[in-house]
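Note that the protein sequences, when read in sequence, are chains A and B.
As numbered in the working numbering, residues 125 to 311 make up the first sequence, in order.
As numbered in the working numbering, residues 125 to 311 make up the second sequence, in order.
Using N, Cα and C, we set each Cβ at its ideal position, and we do this for glycine too.
There are 2 protein chains.
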Amino acid sequence: MTESRWLDEHQQRAWRSFLAATRLLQAQLDRELQRDSGIPHAYYEILVRLSEAPDRVLRMSELADASESSRSRLSHAVTRLEEAGWVVRESCSTDRRGAFARLTDEGFAALAAAAPSHVASVRRLLIDRLTGEQLEQLRVISDTVLAGLRGTDAFAHCPQAQAVCEAAEPGSVTLPESAESAGVTPA
Amino acid sequence: MTESRWLDEHQQRAWRSFLAATRLLQAQLDRELQRDSGIPHAYYEILVRLSEAPDRVLRMSELADASESSRSRLSHAVTRLEEAGWVVRESCSTDRRGAFARLTDEGFAALAAAAPSHVASVRRLLIDRLTGEQLEQLRVISDTVLAGLRGTDAFAHCPQAQAVCEAAEPGSVTLPESAESAGVTPA
DNA sequence: AGCGTATAGTAAAGCGTTCAACTAATGATA
DNA sequence: TATCATTAGTTGAACGCTTTACTATACGCT
Numbered sequence: 125m126t127e128s129r130w131l132d133e134h135q136q137r138a139w140r141s142f143l144a145a146t147r148l149l150q151a152q153l154d155r156e157l158q159r160d161s162g163i164p165h166a167y168y169e170i171l172v173r174l175s176e177a178p179d180r181v182l183r184m185s186e187l188a189d190a191s192e193s194s195r196s197r198l199s200h201a202v203t204r205l206e207e208a209g210w211v212v213r214e215s216c217s218t219d220r221r222g223a224f225a226r227l228t229d230e231g232f233a234a235l236a237a238a239a240p241s242h243v244a245s246v247r248r249l250l251i252d253r254l255t256g257e258q259l260e261q262l263r264v265i266s267d268t269v270l271a272g273l274r275g276t277d278a279f280a281h282c283p284q285a286q287a288v289c290e291a292a293e294p295g296s297v298t299l300p301e302s303a304e305s306a307g308v309t310p311a
Numbered sequence: 125m126t127e128s129r130w131l132d133e134h135q136q137r138a139w140r141s142f143l144a145a146t147r148l149l150q151a152q153l154d155r156e157l158q159r160d161s162g163i164p165h166a167y168y169e170i171l172v173r174l175s176e177a178p179d180r181v182l183r184m185s186e187l188a189d190a191s192e193s194s195r196s197r198l199s200h201a202v203t204r205l206e207e208a209g210w211v212v213r214e215s216c217s218t219d220r221r222g223a224f225a226r227l228t229d230e231g232f233a234a235l236a237a238a239a240p241s242h243v244a245s246v247r248r249l250l251i252d253r254l255t256g257e258q259l260e261q262l263r264v265i266s267d268t269v270l271a272g273l274r275g276t277d278a279f280a281h282c283p284q285a286q287a288v289c290e291a292a293e294p295g296s297v298t299l300p301e302s303a304e305s306a307g308v309t310p311a
């Protein structure tokens with residue numbers, strides 16, 4: 125390969141700002157969600173994906189892909205969510221290896237209760253701070269990065285994570301990270 | 125407060141793409157760094173900050189702030205890094221509560237060995253995929269988010285994390301996330 | 001000096017993630 | 001139908017992070 129190049133000052137600044145912003149933002153969102161609703165953000169996301177699925181049921185693998193999660197991580201998480209009574213596992217009759225995860229009514233209720241405050245956090249810390257143009261720039265940049273991630277280990281375990289990129293295309297309308305589609309819309 | 129508002133389709137797309145991209149990107153960078161050099165990214169960052177400090181020494185608190193880390197987390201991390209022989213703790217004579225962390229020669233060597241491949245990863249997955257304009261957009265967006273994070277819990281423990289924002293201002297030249305300033309420049 | 005508060009740093013428990021190993025069922029091939 | 005690779009999912013150990021509590025020192029005020 126060509127000899128390695130460092131980052132110039134411009135790139136360095138962008139990289140460090142990005143690193144710090146994403147790190148602190150994620151930590152803050154996690155903390156607020158935990159504080160306000162007692163749900164870790166990772167689990168919240170799982171509940172959201174389930175809430176958007178038909179009948180609120182998904183194969184474990186599909187759920188793992190949809191939530192950008194490894195199978196192992198999802199398995200542990202579902203165990204926890206099951207203990208909380210928010211999800212139940214169901215076995216699959218056509219493929220006896222398989223398992224479904226189903227969102228319970230309690231789980232849905234917990235999600236509905238947590239969503240407004242979480243959306244408010246996302247708005248306050250990110251969305252409402254950016255102009256419409258910046259938001260669009262951020263989307264394009266994110267999709268570009270996602271496309272580049274394809275073919276790496278990041279997608280090795282979740283080939284369907286591509287759906288995230290494709291969801292950015294018109295046609296497959298994406299739904300809120302907050303159970304809106306499921307009728308919990310507050311507005 | 126005003127009634128809570130969901131995200132519109134535009135915002136939703138941006139938010140989800142951003143979420144997926146940052147999550148997968150971080151995971152991938154972490155994985156590659158771990159695979160190529162056996163260093164978790166969080167620890168790598170600590171080594172970088174130390175390598176940039178005068179005499180490669182920093183007070184624990186300063187190091188915590190510089191690496192956007194809680195004191196507790198840093199304390200644990202330094203314990204690990206000490207076990208690896210990459211950092212040593214030194215006591216402070218003027219403030220007996222205080223402690224310094226010093227980067228050892230071995231630590232510096234480990235950092236120098238890890239840097240090229242890590243920078244290459246950052247380039248391949250992020251920097252080189254974006255135009256100069258996009259990179260600048262990303263920097264502005266990140267700095268905006270960082271500014272908004274000020275005053276939240278995220279900054280409660282690290283008031284000096286502001287330095288990250290300010291570093292974006294000309295004057296305090298920021299240095300590479302890779303020990304370049306310390307003379308390990310490969311190019 | 002003496003007292004109260006703030007600061008520096010560490011320690012321990014609990015939690016979530018990763019990694020590697022493992023079980024079980026499916027599917028493809030001969 | 002016997003075999004072997006693949007896929008679905010789970011499990012346990014190791015690891016790092018967070019939270020809370022704690023020790024020790026410094027500072028500020030009277």
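- CA-to-CA, the gap between B/L171 and B/A271 works out to about 25 Å.
- Think of a sphere of 9 Å around the beta carbon of A/H134: the chain B residues whose beta carbon falls inside it are G256, L259, E260, R263, in chain order.
- In this structure, B/L182 sits away from B/L198, with a CB-CB distance that is not shorter than 8 Å.
- In this chain, A/E192 is not harboured by any beta strand (DSSP E), its DSSP state being neither H nor E.
- Bridge partners of A/L182 according to DSSP: A/A225.
- With a threshold of 8 Å between beta carbons, B/L131 makes contact with chain A.
- About 18 Å separates the CB atoms of B/Y167 and B/A223; that is not less than 8 Å, and the two are not in contact.
- The beta carbon of A/G162 does not come within 8 Å of any beta carbon belonging to chain B, so the residue lies off that interface.
- A/R220 sits in coil when the DSSP states are folded into three classes, being neither helix nor strand.
- Between A/I265 and B/R248, the alpha-carbon positions lie close to 14 Å from each other.
- Contact between the stretch 249 to 269 of chain A and the stretch 130 to 145 of chain B is present: 3 or more CB-CB pairs across the two stretches fall below 8 Å.
- At least 8 Å separates the beta-carbon of B/L227 from that of B/S193.
- A direct Cα-Cα distance of roughly 11 Å separates A/G162 from A/A208.
- In this chain, the beta strand (DSSP E) harbouring A/R213 covers 211 to 215.
- Buried is the label assigned to B/H242, since at least 16 other Cβ atoms lie within 10 Å of its Cβ.
- Per DSSP, the continuous alpha helix (DSSP H) segment holding A/A138 begins and ends at 133 to 161.
- The C-beta distance from B/L157 to B/A238 rounds to 7 Å, short enough to fall under 8 Å.
- Secondary structure note for A/A166: its alpha helix (DSSP H) is the uninterrupted segment 165 to 176.
- Excluding sequence positions up to five before and after A/E169, its CB lies within less than 7 Å of the CB of S191, all in the same chain and listed in chain order.
- Taken atom to atom, the span from the alpha-carbon of B/R140 to that of B/T218 is near 50 Å.
- With a 10 Å radius around the Cβ and a threshold of 16 neighbouring Cβ atoms, A/P178 comes out exposed.
- Secondary structure of A/R129 (DSSP, three-state): coil.
- If you draw a straight line from the Cα of A/R129 to the Cα of A/D229, it comes to about 54 Å.
- A/A208 sits in coil when the DSSP states are folded into three classes, being neither helix nor strand.
- The Cβ-Cβ distance between A/H134 and B/L254 does not fall below 8 Å.
- If you draw a straight line from the Cα of B/E206 to the Cα of B/A225, it is about 9 Å long.
- In this model, A/R195 and A/R274 are separated by some 18 Å (Cα to Cα).
- In the three-state scheme derived from DSSP, where H, G and I count as helix and E and B as strand, A/T268 is classed as helix.
- In the three-state scheme derived from DSSP, where H, G and I count as helix and E and B as strand, B/L259 is classed as helix.
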